[in-house]
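Each remark here refers to the structure printed beneath this line.
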Amino acid sequence: MGCLRIWSVLTCLVSVSLVVESRDSSWGGLYPRESASREVKSLDGLWNFRLSPLLDAEKGFREEWYAQPLSKSGPVISMAVPSSYNDITQDKDLRDHIGWAWYDRLFYVPTRWQTDKQRVVLRLGSAHYNSIIYVNGHSLTSHEGGHLPIMADITTKLVYGKENLVTVAINNTLTPETIPQGTIVEHNDPSRYPPGYFAQSYNFDFTNYAGIHRPVYIYTTPQTFIEDILITTDINGANGVITYNVTHGNTMIGPSRSGEVGCSMKLLDIEGDHVTSAMGCQGTIVVTNASLWWPYLMSENPGYMYTLLVAVSDAEGNLDLYPHKVGIRTLGWNSTTLTINSKPLYLRGCGKHEDADIRGKGVDYALIVKDFSLLKWLGANSFRTSHYPYAEEIMDMADKEGIMIIDESPAVGLSGFDEALMNKHISVMQELVQRDKNRPSVIMWSVGNEPKSNQAPALNYFSKVVSATKSADPSRPVTCVLNKPKEKEYAASSLDVILVNRYYSWYGDTGHLEVIKMQTITEFSEWHLLHNKPVMISEYGAGSLPGYHMDPAWTWSEEYQAELMIRNFEAFDELRSKGYFVGEMIWNFADFSTPQGHTRPGGNRKGIFTRSRQPKMAAHVLRYRYHNLANDTLTNSQAPMCFTSVLH
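Reading the sequence shown from the start, the letters are residues -22 to -1, 1 to 626 in mature numbering (1 follows the signal peptide of the UniProt record, and there is no 0).
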């Protein structure tokens, strides 16, 4: 049946994408920001939407749905962009759809963009999982993998001053060859299943939301333009040192003097006042008496960001300006310690998800503000982007608020460590580093979560993935979040910091809270002894049903979740005193959606907040602890008093 079956869609992707002009670019470009030389137009809003039939995956390509508005080739519904499409309607088939989904919308571009010889770029913050982008029927680019940006130069495909059509085809099918992985299971028993029946399973415990999850922009640049900016920072006494490297491109055809390109830099402080300037496309800027980027509750002024105004000009009169935020800070690590700006660092944080009612993984600015408000209320200084790269809008807020990030790839639950998967994994890490390399909030790269790294091929696999990540960025430590027994763990030897997920008295010894302290101290001490590296607990916790109370504590009660945390705190404090335990992150920040199953009542309930961001008892317990821990670095951080008696 060739491409007619849903599980053949990734093979189909190759065949239908042969005409794509720029296939699977690994660089999504600088984030669209307005300047004196750049205009930005949002395409967010309501798009037209249609699913491909499950048993005819190629139909949209065969009938060329991209050649005209979708509404002319069949029925459509309205779909919000950005959002996941799964929970928008009352249609179960839409919620559970596996395969191709099609989006389109019309838009205008002004005639003056053509008159002014502007380069025009289309950029999607992310689309999950495989995507193909068309403009006015032209297949421009494709991308494999969700969570990272997609960019295409659409200058020559536009009709200026008139309506234009953008179409995006997205496929959410996951296989053993994708990152993350999944499996399509065919059910061929005609006595139990209808013809062609299949199911998608996953190597992870969260909903495989699909759609255009992040903002869609069109932006302009001059013909000579700033292509990329690389920034590293250092500290020399009271001074900050910014090292920069600007790359530029041009779209001019024929003889010109555009090769005579010059760069200039202007550094502005947080108020927008001029600090210093520099010339040249590569160089170093010394900032006298610099304001450093500090994490939340490590300074009275956390998250201090300068603006580097980058200018590129050529002999033809083209001038491009791009404002780039810069935080001056240093990172350090050795066999026992993490440091920021030469001060010891202890991570107080959460594992999170991009997840909320109705919009799924879609960017929601109100939710971003709420989540960071709650993180600061907790006294947290960090979180991990479990288990995929988060939206750039979230990362911007982390930079601004001084919240540190362990930046994680979508490689969750990997197994079958062959060379093809490894090359794809390396490509994903390179894309992630390319996107987030300049962010002061990013203090560590995580190449994955809970791989089947007790399999011997994992040794060579992770050695090469970690090495490639270090080559892309040697300025940050690299980790992978582990959950296999330390005696059979092949990934740990390649890592700079050992992160381990452990659920004592939840998945084992359930109900026996009294064993947590002993088991935690014993195991994490042995991890350090075995590898001589800093260690931290990246997940621990228990599920709780909001409003369910039992005294004495009982599993699934809010009391059990809170008491389990307190028993863990006792172990963490003893491990901290040994000098190599560098952080703790509760799982999870908030309850989140999971695939249907008999072990997940309405989703994963390990959140300290409900999915609607209301606190459980555990949130108050964690708030008390984190503010007390913050007293180690900022003496005026006052812990709330309501749980003093509980903890002592």
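By construction, the Cβ of each residue, glycine as well, lies at the ideal position given by its N, Cα and C atoms.
Let me make sure I understand the geometry here. Which of G123, L245, I213 and R83 has the alpha-carbon closest to that of S405?
On the sequence shown, position 427 is the one that residue 405 refers to. With distances taken between Cα atoms, S405 lies closest to G123.
Under 8 angstroms between the Cβ atoms of M243 and A256?
Position 265 of the sequence shown holds residue 243. Position 278 of the sequence shown holds residue 256. Yes, Cβ-Cβ distance for M243 and A256 is below 8 angstroms.
To the nearest angstrom, how far is the alpha carbon of F350 from that of R337?
Along the sequence shown, one-based indexing puts residue 350 at 372. Along the sequence shown, one-based indexing puts residue 337 at 359. Approximately 18 angstroms between the Cα atoms of the pair.
Determine the burial state of L542: buried for a count of at least 16 other Cβ atoms within 10 Å of its Cβ, exposed for fewer.
Walking along the sequence shown from the start, residue 542 turns up at place 564. Answer is buried; the Cβ neighbour count reaches 16.
By how many angstroms is the C-alpha of H121 removed from the C-alpha of R1?
The residue you call residue 1 lines up with position 23 of the sequence shown. The residue you call residue 121 lines up with position 143 of the sequence shown. Because R1 carries a pLDDT of 44, less than 50, the predicted location of this residue cannot be relied on, and the following value inherits that uncertainty. Using only the alpha carbons, I get a separation of about 7 angstroms.
Measuring only the C-alpha atoms, how far is T153 from S503?
Here the question's residue 153 lines up with position 175 in the sequence shown. Here the question's residue 503 lines up with position 525 in the sequence shown. One C-alpha to the other measures close to 37 angstroms.
Take G391 and list the residues in its own chain whose beta-carbon comes closer than 6 angstroms to its own, dropping the five residues that flank it on each side.
As a working note, residue 391 is residue 413 in the sequence shown. Cβ within range, chain order: N181, F182 and E428.
For a test of the three-state rule: what should DSSP assign to E164, helix, strand or coil?
Residue numbering aside, residue 164 sits at position 186 when the sequence shown is read from its first letter. E164: strand per DSSP, three-state reduction.
Only counting the same chain, and skipping five residues up and downstream in sequence, which positions put a Cβ closer than 8 angstroms to that of C259?
One-based indexing of the sequence shown puts residue 259 at position 281. Taken in chain order, the residues that qualify are N223, V224, T225, H226, V239, G240, C241 and V290.
Which residues does DSSP pair with K594 in a beta bridge?
Locating residue 594 in the sequence shown gives position 616, counting from the first residue. According to DSSP, K594 bridges with nothing at all.
Take D610 as the anchor and find which of T572, R554, H576 and M595 has the nearest alpha-carbon.
Working through the sequence shown from its first residue, we reach residue 610 at position 632. Minimum Cα distance to D610 is reached at R554.
Rounding to the nearest angstrom, what Cα-Cα distance links E141 and L410 in this structure?
Along the sequence shown, one-based indexing puts residue 141 at 163. Along the sequence shown, one-based indexing puts residue 410 at 432. So the two alpha carbons sit approximately 34 angstroms from each other.
Kindly provide the ranges of any beta strand (DSSP E) runs that are 3 or more residues long and lie completely inside the stretch 278 to 344, ordered along the chain.
Whole beta strand (DSSP E) segments, 3+ residues: 284 to 291, 297 to 304, 309 to 311, 316 to 318 and 325 to 329.
Taking 8 angstroms as the threshold (C-beta atoms), are S522 and G329 in contact?
Taking the sequence shown and counting its residues from 1, the one referred to as residue 329 is at position 351. Taking the sequence shown and counting its residues from 1, the one referred to as residue 522 is at position 544. No.
Less than 8 angstroms between the beta carbons of I494 and A549, yes or no?
By one-based count along the sequence shown, residue 494 stands at place 516. By one-based count along the sequence shown, residue 549 stands at place 571. Going by C-beta atoms, I494 is nearer than 8 angstroms to A549.
Helix, strand or coil for Q201, going by three-state DSSP, please let me know.
Along the sequence shown, read from residue 1 onward, the residue named residue 201 stands at position 223. Note: Q201 maps to coil in three-state DSSP.
What are the start and end residues of the beta strand (DSSP E) that includes S405?
In the sequence shown, counting from the first residue as 1, residue 405 sits at position 427. First-last for S405: E397 to D414, but that is the alpha helix (DSSP H), not the beta strand (DSSP E).
Considering only residues of the same chain and omitting the five flanking positions on each side of Q178, which have a CB-CB separation below 8 angstroms?
Here residue 178 refers to the residue found at position 200 when the sequence shown is read from its first residue. I76, T151, L152, G160, T161, I162, V163 and N186, listed in sequence order.
If we call anything under 8 angstroms between Cβ atoms a contact, is K95 one with Q201?
Here residue 95 corresponds to residue number 117 of the sequence shown, with the count starting at 1. Here residue 201 corresponds to residue number 223 of the sequence shown, with the count starting at 1. Cβ atoms of K95 and Q201: closer than 8 angstroms.
Apply the 10 Å Cβ neighbour rule to K466 and answer buried if 16 or more other Cβ atoms are within range, or exposed otherwise.
As a first step, residue 466 must be located in the sequence shown, where it is residue number 488. Exposed.
Answer yes or no: do L473 and K415 have a C-beta to C-beta separation smaller than 8 angstroms?
Position 495 of the sequence shown, counting from 1, holds the residue named residue 473. Position 437 of the sequence shown, counting from 1, holds the residue named residue 415. The answer is no: Cβ separation not under 8 angstroms.
Please tell me whether, using a cut-off of 7 angstroms, the distance from the CB of N401 to the nearest non-hydrogen atom of the ligand GTP is below it.
Here there are no bound small molecules, and the ligand GTP is not part of this structure.
Touching or not, the stretch 186 to 195 and the stretch 165 to 175, by the rule of three or more beta carbon pairs under 8 angstroms?
In short, these stretches do not touch, since the Cβ pair count stays below three.
Please report the residue range of the alpha helix (DSSP H) in which R97 lies.
Here residue 97 corresponds to residue number 119 of the sequence shown, with the count starting at 1. Counting along the chain, R97 falls outside any alpha helix (DSSP H), though it belongs to the beta strand (DSSP E) covering R97 to L102.
By a C-beta neighbour count over all protein chains shown, 10 Å radius and 16 as the cutoff for buried, is N108 buried or exposed?
Locating residue 108 in the sequence shown gives position 130, counting from the first residue. Its Cβ being crowded by 16 or more others within 10 Å, N108 is buried.
Is the beta carbon of R591 sitting closer than 8 angstroms to the one on A568?
Along the sequence shown, read from residue 1 onward, the residue named residue 591 stands at position 613. Along the sequence shown, read from residue 1 onward, the residue named residue 568 stands at position 590. Contact flag set, yes.
Between the C-alpha atoms of I248 and P280, what's the straight-line distance to the nearest angstrom?
Here residue 248 corresponds to residue number 270 of the sequence shown, with the count starting at 1. Here residue 280 corresponds to residue number 302 of the sequence shown, with the count starting at 1. Going by the C-alpha atoms only, they are around 12 angstroms apart.
Put K244 into one of helix, strand or coil per three-state DSSP.
Here residue 244 refers to the residue found at position 266 of the sequence shown. In this structure, K244 counts as strand in the three-state DSSP scheme.
Cutting at 7 angstroms between CB atoms, please list the residues of its own chain near S104, excluding the five before and the five after it.
The sequence position of residue 104 within the sequence shown is 126, counting from 1. The residues are G124, H125, L126, P127, H191 and R192.
In whole angstroms, give me the CA-to-CA distance for S424 and F39.
Locating residue 424 in the sequence shown gives position 446, counting from the first residue. Locating residue 39 in the sequence shown gives position 61, counting from the first residue. Whole-angstrom Cα-Cα distance: 37 angstroms.
Is the distance from the Cβ of R326 to the Cβ of S364 below 8 angstroms?
On the sequence shown, position 348 is the one that residue 326 refers to. On the sequence shown, position 386 is the one that residue 364 refers to. Taking 8 angstroms as the Cβ cut-off, R326 and S364 do not qualify as a contacting pair.
Looking at the secondary structure, which residues open and close the alpha helix (DSSP H) in which M129 lies?
Residue mapping note: residue 129 aligns to position 151 of the sequence shown, counting from 1. Not the alpha helix (DSSP H): M129 falls in the beta strand (DSSP E), residues I128 to D131.
Tell me the rounded alpha-carbon separation between L345 and V59.
By 1-based counting over the sequence shown, the position of residue 345 is 367. By 1-based counting over the sequence shown, the position of residue 59 is 81. Taking the straight line joining both Cα atoms gives about 16 angstroms.
Helix or strand or just coil, what does DSSP make of W(-16)?
In the sequence shown, the residue the question calls residue -16 occupies position 7. Note on W(-16): pLDDT 40, under 50, position unreliable in the model; the coordinate value appears next. Helix, per DSSP.
What residue from P158, F176 and I157 has the CA that sits closest to N166's CA?
Here the question's residue 166 lines up with position 188 in the sequence shown. Nearest C-alpha to N166: F176.
Between the Cα of P579 and the Cα atoms of V560, R603 and P524, which residue gives the shortest distance?
Against the sequence shown, residue 579 aligns to sequence position 601. Ranking the options by Cα distance to P579, first place goes to P524.
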